[in-house]
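Residue numbers (the numbering used here): 38 to 748. The beta carbon of each residue, even a glycine, is placed where N, CA and C say it ideally should be.
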């Protein structure tokens, strides 16, 4: 989710040269703009959902303009309040000041990710610098900062609870980190940097989407499909038909299409072709090339950090995380790198021997890894992906995901049909507690499409909080990019798709059960927010859980015990590769953001040097190469923060041990403690304290090393 607080610059766009006071007068009765604009009306819809069937692209800019003026009017009221600043008239007032802005922003940016269009992307480009300026006009307002600072310095005089104290501290630090203490000249430059970054990150994201959507591997010779399972061949035929190429087969760089091709296609040259197309997205010296975009983003982030008094962007970005600084991050990554690389090298040697045994006169390259790894898995464990896929029908996996949440937290999920949503693929569920109290609603959007970003994510259209003592329920949305139904078969998932579903649903549960008073209390540091998602993932392959959802899509038979044993035996299979490709990307991210000089940055040379210094074996590419590294260059959310997944994995593997120690993966007392001490708390308590309250101690790294076979 993008951060969007708006500002007076939008007023100028709205009203031309008229003064701000005049604008406020006019906006009191914004009849011509507001009437007929569903974004500006009270949403009298089920659960307060956005009226998706009424919202059009042309509604967004007028709505943002009105919302911006409203928020600035609220800010003026806070600043002009003659009463002495206190938590209620300053911090609580700030929390409420941008309600309309938040409401519109969540709809807009979620649409931009899940159901975009050329028109919507142009709207985003027009809005980016305006929204950036609006945010700066608030965060750089000296009178507003003085009030916040006064409340912060007098915080012991007020009887604030723990959540209020933490929220106050967050506001104060956010303003300081946003440039409130800079002089006028420095603030002017900061505004320029923020505006440029807002456009550059948007451009990066749009370029990756264009490159992903723009590539098709078209096959017209059936012999080139050798090795592919029938379900994957059918998927290629369906995609070709959609592209008006009946009689051919189309494969793309979207993972549900590409990974099965890399895993099973015997034609090595075609594997190389599609994988190189994937690796070189944004690196093709065309209109969608991202190298100059990256260089400018890195340079501007460094300059911004220097302005704010930090040596590097990593110093700035990590200050508010659990890790605190780059040394702590790099210590963890380096501690894992050496054993992971050793295991990956052993895995490559094993594949090389198998290739030679089969008479393949090749050297294992990156586009060979999935193909030969699958052969090794079959040889060692008598297990391959296609044995599993029939047991992972999407509908059954969903039931398993729901069942786990039910057993752990007593949650119930009731599908609600006939309610307009943002896309026909999306489905809506009401979520209720064991006592039938309404907890929230969640939308699920399973399949890839041209209008949807690649990958998987959890977001929301409203955050849980309290108003006048009443809990406002959250509206949560989970976006996947899983296999679609093919031919006469339903959607059948890969094991990776299953784990991704459980992962994102862990984020969803975190949002659903949040019990914070304030919306501003819910946003966790990136290296803690992955704990609930990755922990939920760990239930997916438990034998007890597999028996709850893994049923053959044709016969309804439960997954055989023998197949479960093979899964357990192969649980550490290919973990060297998985860890190394992840760590390489995490270290690349850190190296970009640990730079103290980013002048004349050559992206390809920089990336090559980082990977060479790591002694990364040539048969493994980083999970994300620079030019399509959306996590760190499409926003700042995971910049100097991709390490967060492995940092959180230390926590989640240790947390799962708490259940195992009880001898029951659904132990009620442990689940209750986890919910109350972590899931419900958002960021209202220090994450380290939250974890200690749950576990009774700090997390140990040993369960992670054991899980990945690195000990």
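Member of the options whose CA lies at the smallest distance from the CA of residue i
i           : options            : result
residue 27  : 509, 743, 691, 413 : Lying before the first or after the last residue shown, residue 27 is absent from the chain, which here runs from 38 to 748.
residue 734 : 748, 695, 356      : 695
residue 108 : 279, 175, 713, 365 : 175
residue 681 : 664, 127, 379, 622 : 622
residue 494 : 502, 504, 457, 536 : 536
residue 474 : 369, 134, 447      : 447
residue 154 : 454, 288, 250      : 250
residue 302 : 274, 230, 269      : 269
residue 618 : 605, 629, 652      : 652
residue 93  : 82, 112, 73        : 73
residue 321 : 137, 664, 114, 259 : 664
residue 712 : 645, 698, 549      : 549
residue 340 : 231, 95, 709, 170  : 231
residue 443 : 82, 708, 135       : 708
residue 632 : 335, 253, 391      : 335
residue 317 : 697, 210, 659, 668 : 659
residue 98  : 461, 138, 241      : 138
residue 216 : 192, 199, 200, 179 : 179
residue 451 : 461, 457, 435, 718 : 435
residue 83  : 266, 508, 625, 478 : 478
residue 100 : 77, 117, 112, 116  : 77
residue 129 : 119, 112, 141      : 112
residue 757 : 240, 468, 601, 560 : Any property of residue 757 remains undetermined from this structure, which presents the chain solely from 38 to 748.
residue 361 : 171, 718, 565      : 565
residue 136 : 700, 454, 502      : 502
8 Å Cβ cutoff met for residue i and residue j
i           : j           : result
residue 235 : residue 168 : yes
residue 189 : residue 205 : yes
residue 671 : residue 290 : no
residue 277 : residue 286 : yes
residue 517 : residue 539 : no
residue 300 : residue 408 : yes
residue 640 : residue 331 : yes
residue 562 : residue 359 : yes
residue 298 : residue 308 : yes
residue 338 : residue 630 : yes
residue 410 : residue 611 : yes
residue 687 : residue 741 : yes
Cβ shell of residue i (< 8 Å), same chain only, five flanking positions each side left out
i           : result
residue 62  : At residue 62 the pLDDT is 32, less than 50, meaning the model places this residue with poor confidence; the figure from the coordinates comes in the next sentence. If we look at residue 62 and ignore the five residues flanking it on each side, it has no Cβ neighbours.
residue 203 : 558, 720, 721, 722, 723
residue 80  : 86, 87, 88
residue 620 : 370, 373, 374, 377, 683
residue 64  : The predicted position of residue 64 is uncertain, since its pLDDT is 35 and thus under 50; no value can be drawn from it.
residue 275 : 521, 523, 524
residue 283 : 277
Residues near residue i by beta carbon distance below 7 Å, same chain, minus five either side
i           : result
residue 589 : 427, 428
residue 385 : 401, 654, 656
residue 425 : 532
residue 194 : none
residue 581 : 702
residue 315 : 290, 295
residue 754 : Residue 754 cannot be examined here, being either before or after the span of the chain that is shown, 38 to 748.
Proximal residues to residue i (C-beta, below 6 Å), its chain only, five neighbours per side dropped
i           : result
residue 91  : 75
residue 271 : 523, 524
residue 365 : none
residue 754 : Nothing can be reported for residue 754, as the shown portion of the chain is limited to 38 through 748.
residue 463 : 480, 482
residue 207 : none
residue 66  : For residue 66, the predicted model reports a pLDDT of 37, less than 50, meaning its position is unreliable; a value from the coordinates is still stated below. There are no such residues.
residue 256 : 286
residue 577 : 535, 536, 539
Whole-Å CB distance - residue i paired with residue j, under 8 Å assumed
i           : j           : result
residue 543 : residue 572 : 6 Å
residue 466 : residue 431 : No, residue 466 and residue 431 are not in contact; Cβ-Cβ is about 14 Å, not under 8 Å.
residue 609 : residue 746 : 4 Å
residue 685 : residue 567 : 4 Å
residue 181 : residue 116 : 5 Å
residue 613 : residue 380 : 3 Å
Closer than 8 Å to chain B by CB, residue i
i           : result
residue 461 : Of the protein chains in the structure, only one exists, and it is not chain B.
Problem - Cβ pair count under 8 Å reaching 3, the segment 726-738 against the segment 590-610 - result: Segments in contact, no.
Exercise for the section: Answer yes if the segment 325-337 comes into contact with the segment 239-249, meaning at least three C-beta pairs across the two stretches below 8 Å, and no otherwise. Expected result: With the cut-off at 8 Å, the segment 239-249 and the segment 325-337 touch.
Handout entry: Meets three-Cβ-pair contact criterion under 8 Å: the segment 339-350 and the segment 206-226
Key = The segment 339-350 and the segment 206-226 touch, with no fewer than 3 CB-CB distances between them shorter than 8 Å.
Handout entry: Cβ contact (3+ pairs, closer than 8 Å) linking the segment 523-534 and the segment 545-558
Key = No, they do not touch.
Exercise for the section: Evaluate the contact criterion for the segment 672-683 versus the segment 352-360: three or more CB pairs, one atom per stretch, below 8 Å. Expected result: Enough Cβ pairs lie closer than 8 Å, so yes.
Practice task
Say whether the segment 181-200 touches the segment 140-155, bearing in mind that this needs 3 or more beta-carbon pairs closer than 8 Å, one atom from each stretch.
Solution key: No, the segment 181-200 does not touch the segment 140-155.
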